[in-house]
Each structure stands twice: as C-alpha cells, then as structure tokens.
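A.B. asks: Encoded as structure tokens, here's the structure I'll be asking about.
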Amino acid sequence: MIGYLIQQGLNAAIEDRYTTTILTRIVVDENDPAIANPTKFIGPVYAEEEAKQLAEQNNWIVKPDGAYWRRVVPSPTPKEVLEIKAIQDLLEKEHLIICGGGGGAPVVEKDGAYYGFEAVIDKDMTAALIAQKIDAEHLLILTDGTHVCLDWGKPTEEKLEAVTVNQMRKYDFPAGSMVQK
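Here's what the structure looks like:
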C-alpha cells in the first residue's frame with residue numbers, strides 16, 4: 007500500500023517519467039542465526055496475560071515492549087533479490103522504481119521453488135542489498151524519527167544531535183531498532 011502511495015505521488019509530481027512499484031521477494035536462509043532469537047515486533051500491543059494466551063494458542067513468541075507485550079518474529083539477513091533483473095531492466099528504461107517495501111517479502115528456496123517465510127527483513131539491509139546489486143552510486147536511508155536516542159523510552163533518554171561514525175559504533179542499541187547495520 008505504501009508503494010502505491012509513493013507511486014501516486016511521484017506520478018503527480020513528475021509527469022515525464024514512468025514509475026513502477028515491484029513486489030520484491032527477498033531470499034533468506036532458514037538456518038540464519040536470527041531465526042533462533044526473534045527481535046522484530048509486529049502487530050498490536052497486549053497485556054501480558056493476553057499476549058501469553060495468544061502465544062500459546064497461535065504458536066507465537068511474545069516479548070515485553072515497554073509496558074505492553076507484542077508478538078516478535080525473526081529478522082534474518084537478506085541474501086538475494088528475486089526481482090533484481092526486472093528492477094535493472096526497468097532502470098535501464100529510466101523508470102523510477104519503488105521496491106523492497108517493508109524489507110521485502112521473505113522467502114526460502116526449497117527444491118527449486120520459493121516459499122513464504124514468517125519473518126520481517128530489516129528495511130535498511132534490503133535497501134543496501136538492492137543498492138549493491140544495481141551498482142547504485144548513492145543510498146539514502148530516511149526515517150521519520152527526529153533523532154537517534156540513547157535509552158529510548160526511559161527517563162534517561164538522550165537525543166543525539168550530532169555524532170561521528172566512531173561515536174555511533176560505541177553505542178549499544180536494542181535489536182530491531184536503530185542498531186548498527
């Protein structure tokens with residue numbers, strides 16, 4: 007849905023270019039170590055008791071997220087972009103491409119076929135993989151967050167206004183957040 011909205015906006019703003027949104031399947035390794043430690047929060051928030059009940063009923067893994075509980079799924083490393091040839095072909099025709107939305111649709115390969123895999127791929131990692139595959143000169147990663155914060159959501163929260171790469175490497179961010187990529 008977000009790809010559609012971006013495409014509509016680009017079409018309205020840039021009349022002389024084609025825009026194309028591509029559902030992007032991303033191959034992951036079902037033996038990725040991240041599978042054993044799910045970190046990506048998905049879905050609504052629940053009280054602890056309800057979350058644990060739903061986890062038991064649906065074979066979910068749930069974890070605390072602040073004052074509430076949420077379902078978590080793994081976030082494996084993206085390995086391959088199945089639609090990369092289509093993306094490259096459309097770029098050669100000067101299309102504006104919207105792809106990799108939400109990190110892409112995770113799939114695993116079995117016996118020459120691809121099957122959906124319940125996970126959430128990190129959007130930045132997918133963007134970096136696509137950029138590498140198309141030999142992009144630049145990669146911009148945008149966020150609606152006003153700042154990166156230390157101790158986010160805690161009384162000791164501190165907004166980082168200006169930092170160096172070396173400073174950022176010293177900080178520890180929770181998995182599934184602004185963690186170093």
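Residue numbers 7 to 187, in the numbering used here, belong to the letters of the sequence shown in order. Even glycine gets a Cβ: it sits at the ideal position worked out from N, Cα and C.
For the beta strand (DSSP E) holding V33, just list the boundary residues, first then last.
C.D. replies: Counting along the chain, the beta strand (DSSP E) containing V33 begins and ends at 31–33.
A.B. asks: Going along the chain, which residues of its own chain have a beta-carbon closer than 6 angstroms to the beta-carbon of I127, five neighbours each way excluded?
C.D. replies: Closer than 6 angstroms at Cβ, skipping near neighbours: I32, P84, G109, G110, P112.
A.B. asks: In the structure shown, what three-state DSSP assignment does I8 receive?
C.D. replies: Reduced to three states, the DSSP call for I8 is helix.
A.B. asks: When we look at the beta-carbon of T30 and count the other beta-carbons within 10 Å, is it buried (16 or more) or exposed?
C.D. replies: By the 10 Å Cβ count, T30 comes out buried.
A.B. asks: Measuring straight from C-alpha to C-alpha, what distance separates H153 and K165?
C.D. replies: Going from the Cα of H153 to the Cα of K165 covers about 6 angstroms.
A.B. asks: If we count Cβ pairs, one from each stretch, closer than 8 angstroms, do we get three or more for the segment 42–50 versus the segment 63–83?
C.D. replies: Short answer: they touch.
A.B. asks: Comparing C-alpha positions only, which one of A40, D130, L145 sits nearest to P82?
C.D. replies: Taking only the C-alpha atoms, the option nearest P82 is A40.
A.B. asks: Restricting to runs no shorter than 4 residues, where is the alpha helix (DSSP H) found entirely within the segment 63–127?
C.D. replies: For the segment 63–127, whole alpha helix (DSSP H) runs of length 4 or above, ordered along the chain, are 90–98.
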